[in-house]
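Each protein sequence line maps, in turn, to chains A and B.
Here the first sequence stands for residues 13 to 496, where the numbers follow the numbering used here.
Here the second sequence stands for residues 13 to 496, where the numbers follow the numbering used here.
Just below is one structure, and these are the notes that go with it.
Number of protein chains: 2
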Amino acid sequence: MTTKGGSGQTNRQMWKTEQKVKVYVERFHMIEPKDTIVLGISGGADSVCLLKILARWKEAWGISLRAVHVHHQLRGEEADADERFVRELCENEGIPCRVFYEDVQGMAQREKIGLEEAGRIARYRCFATVCEDVGGGKIALAHHQDDLAETMLHHLVRGTGMAGLCSLKPVSGNRIRPLLCLEKEEILVYLEAAGQPWRTDSSNLEDDYTRNRIRHHVLEELKTEVNPRAVRHMAQLSEELEETRAVLAQVAAKKRRQYVRKSEKGMLLAEELKKEPDLIGRQIVHDLLKEISGKQKDFTRIHVEAVQELWNRKVGARRDLPYGMQAIRTYDGIYLERKAEKCETRDSEKNAGIQINVHSEGTESFQIGELTLTVSRTARDFGEIPEKKYTKWFDYDRIKQTLVIRHRQPGDRICLFDGGGSKKLKDYLIDRKIPAQKRDQLWLLADGSDILWIIGDRISAAYKVTAESQRILQAEIKGGSTHE
Amino acid sequence: MTTKGGSGQTNRQMWKTEQKVKVYVERFHMIEPKDTIVLGISGGADSVCLLKILARWKEAWGISLRAVHVHHQLRGEEADADERFVRELCENEGIPCRVFYEDVQGMAQREKIGLEEAGRIARYRCFATVCEDVGGGKIALAHHQDDLAETMLHHLVRGTGMAGLCSLKPVSGNRIRPLLCLEKEEILVYLEAAGQPWRTDSSNLEDDYTRNRIRHHVLEELKTEVNPRAVRHMAQLSEELEETRAVLAQVAAKKRRQYVRKSEKGMLLAEELKKEPDLIGRQIVHDLLKEISGKQKDFTRIHVEAVQELWNRKVGARRDLPYGMQAIRTYDGIYLERKAEKCETRDSEKNAGIQINVHSEGTESFQIGELTLTVSRTARDFGEIPEKKYTKWFDYDRIKQTLVIRHRQPGDRICLFDGGGSKKLKDYLIDRKIPAQKRDQLWLLADGSDILWIIGDRISAAYKVTAESQRILQAEIKGGSTHE
């Protein structure tokens with residue numbers, strides 16, 4: 013590609029795109045003066061555009077930029093050329109660039125995960141390292157409106173409700189998405205106008221099957237056959253829904269102050285709440301279930317409705333809820349509370365396991381039988397992985413309560429496939445033809461009755477690191493024999 | 013197809029589906045004792061299933077059913093067989109059936125509209141006639157969850173915002189959709205279990221290009237390649253969004269009581285409203301624009317944002333708005349009002365036209381030059397259509413203000429393509445090579461500056477009768493010469 017910049021038309025085009033990103037970044041307060049912004053640069057169009065546009069406003073915003081390139085050691089000469097391209101680009105823009113060499117293939121083989129997932133974990137780890145080095149910093153991601161539209165379609169059919177339609181946000185935690193105001197096409201037009209080449213295949217690793225079907229079949233069809241502005245319209249909807257969620261949360265918070273009182277072992281939902289819209293009632297019950305039980309994040313609609321349904325029941329009716337909670341219909345309303353301590357103790361005496369605190373940022377080790385478990389909330393590089401040592405990565409934000417290392421218990425379940433329901437652990441172990449006695453000896457990393465990891469065997473699809481994971485939990489195990 | 017019913021498995025399957033529809037109908041209060049329910053029966057699976065299930069609960073609900081079959085006179089022997097099939101089905105179920113013979117082909121040719129649209133208008137007309145005959149009555153439509161999912165996808169990419177994702181509702185006006193709780197597949201399984209045959213091609217007429225692309229490409233791909241429960245998940249989302257809209261409307265109504273006061277010529281939005289979430293402010297402004305200007309229904313986001321933007325402007329700043337309104341920033345907040353009468357008079361003196369009141373149910377005639385315009389809110393059959401007579405049908409609910417028959421005015425616009433933006437009327441007439449002098453003589457049916465119908469030429473795509481139209485305006489013109 014040759015440099016074409018210079019004509020008035022092209023300059024105006026570039027200026028428009030740069031302004032659009034600037035306005036968007038400022039509208040969502042993504043960047044503050046003196047911020048250090050960490051950019052993952054693959055060399056593909058999206059990340060190159062992100063780098064160019066942030067470099068354009070660097071002085072105006074008073075920020076510094078740090079580039080990170082992850083060499084996946086997968087595509088030989090092509091990957092080396094990607095690296096050279098990124099190094100040169102950063103030098104031209106005056107941005108320090110750090111290159112990480114990651115054995116993604118080896119990691120995928122050792123951990124029996126897909127190349128995409130291995131690559132994703134490697135990148136997270138590198139970003140985390142650089143953020144630590146600079147003592148903070150924000151990670152800028154190159155997601156654009158086509159990515160948003162794909163994610164929306166994916167969530168639309170997966171049943172994640174309204175929340176799923178606005179999950180790719182301009183700001184989430186320390187991650188920002190300055191290009192979420194641009195369509196893919198605008199990015200390409202910008203780079204061409206700027207006479208800025210990019211590497212074509214360098215981001216393929218991020219694709220997976222479902223994502224590809226949605227991108228090349230569903231979204232393409234919608235754009236070409238139904239409405240050429242499909243992507244822009246979906247992005248607008250996502251913003252509208254995010255605003256809506258914020259208003260609903262405000263309303264629910266207010267009603268909660270009016271109608272929810274602390275009780276001895278939990279909370280009382282006053283009778284008046286019954287008359288509020290069901291949607292508000294559900295939101296409040298959902299929040300309370302999370303609070304009373306500890307830190308779980310995704311109670312399902314079934315649990316919430318089991319509680320709501322009590323409004324129409326006689327006094328005395330009760331519903332058992334996960335994590336030792338119950339809901340009871342009384343004359344005053346509905347009590348949501350933990351069950352008597354005795355039951356819990358009995359349960360935990362039977363098969364207590366070891367509780368793991370993963371809420372600090374540091375690394376902790378635990379001795380369980382002949383195993384040593386090391387967990388760390390940010391994915392770190394533990395150096396070369398010797399034999400008899402397994403490392404797994406999990407989506408930290410999927411964890412609902414305190415993690416426990418223990419043997420199996422009745423009711424344990426594991427999710428085997430992406431987006432699939434969970435299966436009884438017992439049935440899975442029988443399918444795998446693991447003898448009953450051995451089944452009882454397996455060590456499990458558990459979140460309530462949900463199994464994250466059958467150590468030495470597989471991890472739950474429900475806790476896998478995905479493109480949308482915010483924080484990663486790394487768990488490493490040493491010593492001991494597993495059933496494999 | 014042979015009767016397979018009888019096995020326990022099959023009976024249980026049928027019972028489950030019938031129960032599901034019963035619970036759904038009762039949950040949304042679709043039916044009351046003594047209701048007369050008018051069913052359009054094409055003979056296709058959906059309408060046959062609707063008839064069977066409503067017949068199943070007829071006694072329990074204490075309702076009477078009336079079937080309507082529209083013979084489109086398009087597919088010769090096949091259509092006759094459809095008719096025989098429907099007559100026999102109704103006889104077996106003991107439901108009175110009325111068959112209408114409609115010259116859909118002729119209508120489509122005369123009116124230069126598609127066969128789908130002509131068929132749709134014919135059906136609406138027949139339903140309206142039967143409803144009138146029975147002195148009221150509800151129209152039951154056979155839409156199911158796959159239809160809902162298709163509509164959602166269509167609206168998702170057309171940019172209709174949250175409202176579009178819940179536009180196919182269980183109840184809208186006098187129309188009910190008892191099967192909106194079933195997937196297409198459940199309908200087919202039900203009919204097979206019941207040993208009830210159906211006619212396969214009889215509903216094809218309802219399909220159009222875009223709908224077919226979405227059904228056979230987009231939705232099919234999502235169901236088979238991404239998530240088999242896609243349709244059910246989308247239906248759940250639609251309900252969630254409908255609930256959300258209701259809560260938002262409540263919140264907006266409350267804030268409006270707090271922060272909006274009547275002023276001399278309009279309304280004052282008090283300064284405090286500025287601090288409320290933008291979403292709520294937008295909803296209130298939108299409602300007020302509708303009220304102040306008369307009966308318009310779809311002000312766009314651009315108008316609403318023009319008003320909202322005034323919060324950040326200096327006192328004295330003003331924005332012109334459609335239909336002779338303006339917004340003015342003052343020390344007290346923002347005034348939304350009609351502009352001084354003088355301007356309006358001047359405008360209307362220039363090219364007043366004749367106002368048409370279409371708010372009553374009856375039929376009214378107007379003499380304009382050498383033309384006679386007859387309008388009727390429910391689409392009636394005016395008998396055979398003689399030469400020099402044109403009949404057009406419009407979506408009544410798209411009309412924003414009082415209809416006017418007049419000559420052209422500066423600023424007139426017309427929408428030429430489905431989902432497309434509008435074009436200047438002047439540009440359209442120039443493209444059509446209509447000489448300037450003739451342009452001024454054309455009669456227009458206008459809604460503000462939006463043209464519904466260039467009489468003798470084309471109608472606006474924005475007012476076309478679609479599958480989602482609730483009420484129809486029929487306009488018939490006699491006499492006079494048009495430019496064609």
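Note that the Cβ used here is the ideal one computed from N, Cα and C, for glycine as well.
Residues near residue i in its chain [Cβ-Cβ closer than 8 angstroms; skip 5 each side]
i	result
B/Val477	Glu129, Arg132, Ile133, Tyr136, Trp405, Phe406, Asp407 and Ile484
A/Ser250	Leu160, Met164, Leu177, Cys178 and Leu180
B/Glu396	Bear in mind that the predicted position of B/Glu396 carries a pLDDT of just 47, short of 50, making it unreliable; the figure below should be weighed with that in mind. Result list for B/Glu396: empty, nothing under 8 angstroms.
B/Leu253	Met174, Leu177 and Cys178
A/Ser275	Tyr347 and Glu349
6 angstroms CB neighbourhood of residue i in its chain, flanking five on each side removed
i	result
B/Arg24	none
A/Glu399	Any reading at A/Glu399 needs caution, since the residue's pLDDT is 48, under 50, leaving its predicted position unreliable; the model's value is listed next. Here the set comprises nothing.
A/Tyr475	Phe406, Asp407, Arg410 and Leu464
A/Ser481	Asp407
B/Cys102	Ala79 and Cys109
A/Arg182	What sits at residue 182 of chain A in the sequence shown is Pro, not Arg. Phe40, Arg189 and Leu192, listed in sequence order.
Supposed contact pair residue j and residue i - C-beta distance, whole angstroms, cut 8 angstroms
i	j	result
A/Leu194	A/Lys32	7 angstroms
A/Cys138	A/Arg257	So it is not a contact: roughly 32 angstroms between Cβ atoms.
B/Asp424	B/Leu437	4 angstroms
B/Met279	B/Ile304	7 angstroms
B/Lys277	B/Arg325	About 20 angstroms; that fails the 8 angstroms criterion.
A/Arg110	A/Val146	Not quite, the Cβ-Cβ distance comes to about 10 angstroms (not below 8 angstroms), so this is no contact.
B/Arg420	B/Asp443	Wrong, their Cβ atoms sit about 15 angstroms apart, outside the cutoff.
A/Ala140	A/Leu51	Incorrect: roughly 14 angstroms between the Cβ atoms, too far for contact.
B/Glu255	A/Leu291	4 angstroms
A/Thr403	A/Glu123	7 angstroms
Residues of its chain near residue i, where Cβ-Cβ distance is below 7 angstroms and the 5 sequence neighbours each way are ignored
i	result
A/Met26	Tyr202, Ala205 and Ala206
A/Ala67	Leu77, Glu105 and Ile107
B/Lys362	Residue confidence for B/Lys362 is low, a pLDDT of 39 falling below 50, so the modelled location carries little weight and cannot support an answer.
A/Glu162	Arg223, Ile226, Arg227 and Leu231
A/Gln295	Leu260 and Ala264
A/Val35	none
A/Ala57	Ile199, Leu200, Leu203 and Trp210
B/Arg358	The predicted model places B/Arg358 with a pLDDT of 37, which falls under 50 and marks its position as unreliable; any figure quoted below should be read in that light. None.
B/Leu322	Ala329, Arg331, Ala339, Arg341 and Ile346
Residue i: contacting residues in chain B (beta-carbon distance under 8 angstroms)
i	result
A/Pro289	Glu255, Ala258, Val259 and Gln262
A/Thr342	Those within 8 angstroms of A/Thr342 in chain B number zero; the least Cβ separation is about 26 angstroms.
A/Thr222	Glu237 and Val238
Short Cβ contact (8 angstroms threshold) for residue i with residue j
i	j	result
B/Gly171	A/His84	no
B/Ile65	B/Ile49	no
B/Tyr343	B/Val327	yes
B/Leu160	B/Cys61	no
A/Phe112	A/Val80	yes
B/Lys267	B/Glu288	yes
B/Val116	B/Gly55	no
B/Trp455	B/Leu383	yes
A/Glu233	B/His229	yes
B/Leu385	B/Ile417	yes
A/Ala318	A/Arg331	yes
A/Val169	B/Ala242	yes
B/Ile446	B/Ser434	no
B/Ile157	B/Ala247	Sequence check: residue 157 of chain B is Gln here, not Ile. Yes, the Cβ-Cβ distance between B/Gln157 and B/Ala247 is below 8 angstroms.
Residues that residue i contacts on chain B, provided the C-beta gap is smaller than 7 angstroms
i	result
A/Gly171	Arg241, His245 and Gln248
Within chain A, partners of residue i - CB distance below 7 angstroms
i	result
B/Arg225	Glu233, Glu237 and Val238
Listed by chain order, chain A residues near residue i by CB distance under 8 angstroms
i	result
B/Met174	Leu249, Glu252, Leu253 and Thr256
B/His166	Val238
B/Ile489	Correct list: empty, because the minimum Cβ distance to chain A is about 33 angstroms.
Worksheet item: Closer than 7 angstroms, Cβ to any Cβ of chain B: which residues of the segment 230-248 of chain A, in chain order?
Response: Val230, Glu233, Leu234, Glu237, Val238, Asn239, Arg241, Ala242, His245, Met246 and Gln248
Fill in: Residues in the segment 272-300 of chain A having any Cβ partner in chain B nearer than 7 angstroms
Pro289, Asp290, Leu291 and Ile292
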